[in-house]
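Down below is the structure, laid out as structure tokens.
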Amino acid sequence: VIDDHWAILKAISEHNSEKAKELTQKHLSRYKIDESAIRSRYPDYFK
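To convert a position in the sequence shown, counted from 1, into the numbering used here, add 64.
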């Protein structure tokens, strides 16, 4: 997650809006991939 944030920040600081948009979308959709693993590992968080 932190690496995602750094990559997004770098793209923004380089004025690369397309890259920043791409990285942000990837970052925000990551939870869809990880959700089942997270629910299995931490079931008490989802009561």
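For every residue, glycine included, the Cβ atom is placed at its ideal position computed from N, Cα and C.
Please read these numbers as outputs of a predicted model, since none were measured by experiment.
Give the single residue among E82, D98, E99 and L87 whose Cα lies nearest to the Cα of I72. Residue 72 sits at position 8 when you count from the first residue of the sequence shown. Minimum Cα distance to I72 is reached at L87.
Can you check which of these residues, N80, H91, I97 and S77, is closest to I66 by C-alpha distance? On the sequence shown, residue 66 is found 2 positions in, with the first residue counted as 1. The residue among N80, H91, I97 and S77 with its C-alpha nearest the C-alpha of I66 is H91.
Under DSSP, the alpha helix (DSSP H) around K85 begins and ends at which residues? In the sequence shown, counting from the first residue as 1, residue 85 sits at position 21. S81 to R105 is the span of the alpha helix (DSSP H), which, as asked, contains K85.
Could you please give the first and the last residue of the uninterrupted alpha helix (DSSP H) stretch that includes K74? As a working note, residue 74 is residue 10 in the sequence shown. Counting along the chain, the alpha helix (DSSP H) containing K74 begins and ends at I66 to S77.
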